[in-house]
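**Q** Taken in sequence, the protein lines are chains A and B.
Going by our numbering, the first residue of the first sequence is number 530, and it counts up by one from there.
Going by our numbering, the first residue of the second sequence is number 530, and it counts up by one from there.
Quick one: the structure is below, questions incoming.
Number of protein chains: 2
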Amino acid sequence: MKNQHTPAYAWLHRQQERLHRLDHLQSIAAWDQATHMPPGGNDARSAALAELATLMHRDRADPSLAQRLAAARQEPLNDWQAANLREIERAWQRTQAVPEALVERRTVVTSQCEHAWRSQRPRNDWAGFAANLREVLALVRQEAHHLGDALGLSPYDALLDHYEPGMRSVDVARLFGNLRQWLPALIRQVQARQAREDVLPLVGPFPLPAQRSVCEQMVRWLGFDFAHGRLDVSTHPFTGGVPEDVRLTTRFRDDECLQALLGTIHETGHGRYEQNLPREWLGQPVALARSMAIHESQSLFFEMQLAAHPGFARHLSPLLVQAFGDQAAFEPDNLHKLMTRVAPGLIRVEADELTYPAHIVLRFEIERALIEGEAEVDDIPALWDAAMHDLLGLDTRSNYRDGPMQDVHWPAGLFGYFPCYSLGAMYAAQWMAAMHHTLPDVDAQIHAGELNGVFGWLREHIWQAGSRWPTDELAQRASGETLNPAHYRAHLERRYGG
Amino acid sequence: MKNQHTPAYAWLHRQQERLHRLDHLQSIAAWDQATHMPPGGNDARSAALAELATLMHRDRADPSLAQRLAAARQEPLNDWQAANLREIERAWQRTQAVPEALVERRTVVTSQCEHAWRSQRPRNDWAGFAANLREVLALVRQEAHHLGDALGLSPYDALLDHYEPGMRSVDVARLFGNLRQWLPALIRQVQARQAREDVLPLVGPFPLPAQRSVCEQMVRWLGFDFAHGRLDVSTHPFTGGVPEDVRLTTRFRDDECLQALLGTIHETGHGRYEQNLPREWLGQPVALARSMAIHESQSLFFEMQLAAHPGFARHLSPLLVQAFGDQAAFEPDNLHKLMTRVAPGLIRVEADELTYPAHIVLRFEIERALIEGEAEVDDIPALWDAAMHDLLGLDTRSNYRDGPMQDVHWPAGLFGYFPCYSLGAMYAAQWMAAMHHTLPDVDAQIHAGELNGVFGWLREHIWQAGSRWPTDELAQRASGETLNPAHYRAHLERRYGG
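Here it is, written out as C-alpha cells:
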C-alpha cells in the first residue's frame, strides 16, 4: 500500500487498525468471561469492558471523520482500499446517527433487562419481563428511528441493515412468506413418514473427555487451525476471539453425544471463515466477515450441508465407535437418520433443520411489527401462539418460558438479527448447489471424505472475499445469482422427501 | 467519599479508575497469552497489548495533571485519599520524567533483545546476546538518568525506587554486604551436616492430574478464594489477573511433585495478598500492593515460613499419600528434610532457601555497577564468575547459558528488581518474628493446621493496608521496626543449624 499519497485514507487505515487491536482485547476478555472467569470477577470484568467500549466509541465518533472520509474519497485508492473506505463509511454513518446519551441509556436498560430475564425465565414471570422489555423496546425504537432517518430506511430495516447490509424487510417478508406456504405441509409429511421408520436411539452415558476428544478430532479434520485457535466449553456455544486466534466453544451433556458434535461442527464453520479472511487486510473493515447471514451460511454449510450429508455419517461413525465403544446406533445410516430426525418443538435452539425456519419466521414477523409500531409488548404472547399454531401446530399458551422468553436476543436489545439464521441456511444451500457446477462429484467427494475441493471453493468464493463486495455481488460472483430460495427448498425436499 | 467538594481529586480518582479498568483487560490478555493462547496468536496479541499500553500512557501523561495534582493537594482529603494522591503523584513523576520517544525505543529494543535471548541462551551465544544487551543497557541508563534527575536520586536508585519505593541502594548494599559475611560459611556448614543425613528420595512418576488436584486442595486450604480466582498452568509460574479475579499459575513435571506444590504455595501467597487488598479502594493506587519486596514477603511467607515450617509437612503428607499412594519419602520428617535440602547450584530459580540470596546478592552488585557506569556488559562474565566462587564455590567460566544468560530480567530491561526477592525473604522472617509476639503459640497453630491466626495477622497488618503507608511505616506498624535483617539471619540459623 502506498499510503504516503493518501493522507486521509492513511489516517483512517491507522484508526481502524487501532480499533481492531482494542477489539482484540475485548473479544478475548469476553471469551474469558464466558469460559474461564470465576463468578466473583463478573462486575469488574463488565466495568472493564464498558470502559474500553466507551473509549472505542469516542474514537469511532471522532468529529474529524466527516471531513477525512470526504477527503479520502478524492484520493487514489485501489479496489480493496475503496471497498475498505465504503465499509468504514458505513460504520461511521451508523455511529453518528445515534445520540451518545441514547446509546448509553440503551446499554444500561438492556443490561438490566437481560440480567433480570435470567431469573424471570425459570419463574415464567411474563409480567415482570414485559415491564422491562417495554423499556428496551422504547429505546430501540428511538434508535431505529434515528438510524432510519440517517440512512433513509424504515426503522426495522435500519436495524436489519446492521447485521445484513443491503437486506430489506420487504425481501425477507417475501422469502419467509414463501416458506410459510410450503413448510408446514412438508413438516407434517416428513413426520408421518418418519413415524414409520426404525431408528435406534443412542445409548449413553458418553463420558465428557471422550466427547471432547471426538470433537477435537473432527474440528481438526474439518481443517480448523489449532495454531490459530482453541476449542473450549461454555454454557452457550459461540465463536469468539479474532481471526488470528479463533476461540470456538461447545457444551457437553453425558446422556447424548451428537448435539455437542454437531454444535462443534457448526462453530467450526464460523471458525474457518474467520481464520481464512483475507490476511493481508486483517485489522481493516474490508477483512471482516461479509454479514451475519453469510457467517451463518458457513456454520450451517458445515453443519447441514456437510455433517448432515448422507455421505458424512461414514466419517463420524468410526470416531464414535473408537471413543465410546461399538453400539448399533453408530451405524452410519442410523446416524444419518438421527441427524435428520424431524420433531416440532417449542425451543428454537433445540430445533431440527426442517422446523428451525418456522421459529425464525415467527420471530421476524413479531419483531418487525414491534419496531414498526404495529404491535406492542403485550401483544407478543398472542402473536406467538398464533404463529406456533400455524407453523408447527403447537400450543404455547401461558408457557412464556418456552415461548417469547426463551431467547436472549430481545432482552439484550438485538432486533433485526433473527432473519440472518434462515437467510444463512438459504445461502448455504445455494453454495452447495453452485458447488455442484464446478465440482460435479462433490457428493462422491464427501462420501470419500475428500473435503479439500469443498473447502477450496468456500475459501475462494466466500472466505477470501471478506467484505470486498456487497453481499449481492458476493453471491452473484460465487453462485451466478443473488439469494435464490429455490435452492433451499430443493435441498429440504431432496433431503426430507417431498 | 465526598468528591463533590474536591473537583481536582475527583477527576484524578476517575482517571485512575479508568486506568485500572483498562489494566484489567491487559492483565487478563497477558494471562491468556501465557496460559491459553495458541502460538499463532502471538503477534496480534502483542500488537493489541501495545496499542492499549500507548493509550494508557497518553492518559497517564495528560498535560493537565501537574495542575490537577497541585489543586488536589489544596482540597480537603481524608487519610486514605491523601495517601492515594501521594501514590498518584509518585507514578506521575515517573511518567513525565522520561521522554516518550525513549520509552518507545526502549520497548522495541528490549522486546528484540528478549526475543533473541530465547534462542541465544540454549546456544550459549554470549557474543550475540551481549551485543543486544549493550543496546538495552544504553537505553536503560538514559532512562535511569532522566528519572534520577527528576527524583533527585542516583540512576540505580531511581530504578530501584520503582519496584521498592523508598529503598536505596546504599541500604541494600549494607543488608547484602552483611549477608555476604556469614552466608557462605553457613552454607558450607549445612552442606557438611546434611551430607551425613539420611533422606529418602521421592519415587515417581507423579501423574499430572493428581498433582493438580493436590495443588488445588492446598491452595483452597490456604484460603485462596476460587470464586475470585483460578489456578492454571504456564511455562513460568506467576500470579496475574486483578484483585477481583486473581490468576495463579504453576507448572508440573511428572518425575517430581514437591516443586509444583511449593511453587503453587508461593503463588498462593501473592494471590491472597491481591485478593485481600482494601476492597473499598480497589481501582485506586492506594489499594495496590505496597511494593515488590512486600509482595515477595507474602509469597515467601507462604512458601518458607509456612510450607517449610517443621510443623507443616504433617499437612502435606496425607494429601500426597492420597494422591500418589503411600511411599516412605512422604513421611512428614522426610518431607521437611526434602524441602530444606541445601545444594549450591548455578540456577537461581532452582535454588533452595539458603543459597537463593547468594544469587540475588551477585545480581544486585552487577546490575548496580552496570547502571552506575562502573561496569560494562563485557565485564559481566568475570564479575559473575568471581561472585559465584566467593558465594557458592562454583565455577561458571564459559557457561553463559547457566550464568548471566539465565534470567529474563536484564534482556527485558528490568534492572532494580532483583533485590526485592531477598528483601521479601527478610520481611517474611520479620513478620513471623512479629507474629510470635501477638500469637505466642503460632508454631503450635501451624503444627495443628490452624492457620486463621496467621492469616488474620497478615490481613490486618499487610493485606488490608494496601499502599496506605510508605513501606517503612507499614513495617513499623506491623512489626514495631523497619526492615531488620537480624530476623532473617536468625530464621536461617534456627532452621539450618548454626
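Note that beta-carbon positions come from the ideal geometry of N, C-alpha and C, so glycine has one too.
For clarity, every value in this text was computed on a predicted model and none was experimentally measured.
I want to verify the contact list: residues of chain A whose CB lies under 8 Å from the CB of B:Ile617, in sequence order.
**A** Going along chain A, no residue has its Cβ under 8 Å from B:Ile617, so there is no contact; the nearest lies around 18 Å.
**Q** Between the region 548-561 of chain B and chain A, which residues of the former have CB atoms less than 8 Å from a CB of the latter, in chain order?
**A** Arg550, Leu551, His553, Leu554, Gln555, Ile557, Ala558, Asp561
**Q** Comparing C-alpha positions only, which one of A:Phe781, A:Pro772, A:Leu751, A:Val775 sits nearest to A:Val762?
**A** When each option's Cα is compared against that of A:Val762, the closest is A:Phe781.
**Q** With DSSP as the reference, label B:Arg597 as helix, strand or coil.
**A** Judged by DSSP in its simplified three-state form, B:Arg597 adopts helix.
**Q** Under a Cβ-count criterion, where at least 16 other Cβ atoms within 10 Å of its own Cβ denotes burial, should A:Gln649 be classed as buried or exposed?
**A** buried
**Q** Are the Cβ atoms of B:Leu668 and B:Arg634 separated by less than 8 Å?
**A** Going by C-beta atoms, B:Leu668 is nearer than 8 Å to B:Arg634.
**Q** Are the CB atoms of A:Gln834 and A:Met955 nearer to each other than 8 Å?
**A** no
**Q** Could you list which residues in chain A have their beta carbon closer than 8 Å to that of B:Phe755, in chain order?
**A** Pro567
**Q** Do you know whose CA, among B:Pro592, B:Asn607, B:His965, lies nearest B:Trp810's CA?
**A** B:Asn607
**Q** Here's the rule I'm using: 16 or more other beta-carbon atoms within 10 Å means buried, otherwise exposed. How should A:Gly792 be labelled?
**A** buried
**Q** Can the beta-carbon of A:Ala537 be found less than 8 Å from the beta-carbon of A:Glu604?
**A** The answer is yes: Cβ separation under 8 Å.
**Q** What in chain A is Cβ-close to B:Ala563, meaning under 9 Å?
**A** What B:Ala563 touches in chain A: nothing, since even the nearest Cβ is about 13 Å away.
**Q** Just to confirm, are A:Leu787 and A:Met917 a CB contact at a threshold of 8 Å?
**A** no
**Q** Three-state secondary structure (DSSP) at A:Thr793?
**A** helix
**Q** Is any beta-carbon of chain B found at less than 8 Å from that of A:Asp774?
**A** yes
**Q** Quick one: any contact between the region 638-655 of chain B and the region 929-938 of chain B, if contact means 3 or more CB pairs under 8 Å?
**A** yes
**Q** In the region 574-587 of chain A, which residues sit with their C-beta less than 9 Å from some C-beta in chain B, listed in chain order?
**A** For chain B, the residues of the region 574-587 of chain A that bring a beta carbon within less than 9 Å of one of its beta carbons are Arg574, Ala576, Ala577, Leu578, Ala579, Glu580, Leu581, Thr583, Leu584, in chain order.
**Q** Give every residue of the same chain whose Cβ lies closer than 8 Å to the Cβ of A:Leu584, excluding the five residues on either side of it in the sequence, and list them in chain order.
**A** Leu551
**Q** In the structure shown, what three-state DSSP assignment does B:Gly953 receive?
**A** helix
**Q** Which residue or residues does DSSP assign as beta-bridge partners of A:Ala768?
**A** Residue identity check: residue 768 of chain A is Thr in the sequence provided, not Ala. BP columns for A:Thr768 point to A:Leu777.
**Q** For the structure I just gave you, are there three or more beta carbon pairs, one from the region 768-780 of chain B and one from the region 716-735 of chain B, closer than 8 Å?
**A** no
**Q** Flag B:Gly677 as yes if its beta-carbon sits less than 8 Å from any beta-carbon of chain A, otherwise no.
**A** no
**Q** Against chain B, does A:Val771 count as a neighbour if the rule is that its beta carbon must be under 8 Å from one of theirs?
**A** Judged by the 8 Å Cβ criterion, A:Val771 is in contact with chain B.
**Q** Give the list of continuous beta strand (DSSP E) stretches no shorter than 3 residues that lie fully inside the region 797-872 of chain A.
**A** none
**Q** In chain order, what are the residue ranges of uninterrupted alpha helix (DSSP H) at least 4 long that sit wholly in the region 904-974 of chain A?
**A** 909-921, 948-967
**Q** Any Cβ of chain B within less than 8 Å of the Cβ of A:Gly800?
**A** no
**Q** Does B:Trp986 come out as helix, strand or coil in the three-state DSSP assignment?
**A** The three-state reading of DSSP puts B:Trp986 in helix, counting H, G and I together.
**Q** Assign B:Asp783 to one of three DSSP states: helix, strand, or coil.
**A** B:Asp783: coil per DSSP, three-state reduction.
**Q** B:Met821 and B:Glu1010 - do their beta-carbons sit closer together than 8 Å?
**A** No.
**Q** What residue range does the beta strand (DSSP E) around B:Leu760 cover?
**A** 758-762
**Q** Between A:Arg759 and chain B, is the shortest Cβ-Cβ distance under 8 Å, so that the two count as touching?
**A** yes
**Q** Is the beta carbon of A:Leu920 sitting closer than 8 Å to the one on A:Leu712?
**A** yes
**Q** Spell out a yes or no on whether the region 869-883 of chain A and the region 896-913 of chain A are touching, meaning 3 or more CB-CB pairs, one atom from each, closer than 8 Å.
**A** In short, these stretches do not touch, since the Cβ pair count stays below three.
**Q** So that I know if they touch, is there some Cβ in chain A lying closer than 8 Å to that of B:Gly995?
**A** Cβ-Cβ to chain A under 8 Å: no for B:Gly995.
**Q** Taking 8 Å as the CB-CB limit, is B:Arg570 close to chain A?
**A** Note that residue 570 of chain B corresponds to Gly in the displayed sequence, not to Arg. Yes - at least one Cβ of chain A is within 8 Å of the one on B:Gly570.
**Q** Quick check: the Cα distance between A:Gln562 and B:Pro969, rounded to an integer number of angstroms?
**A** 44 Å
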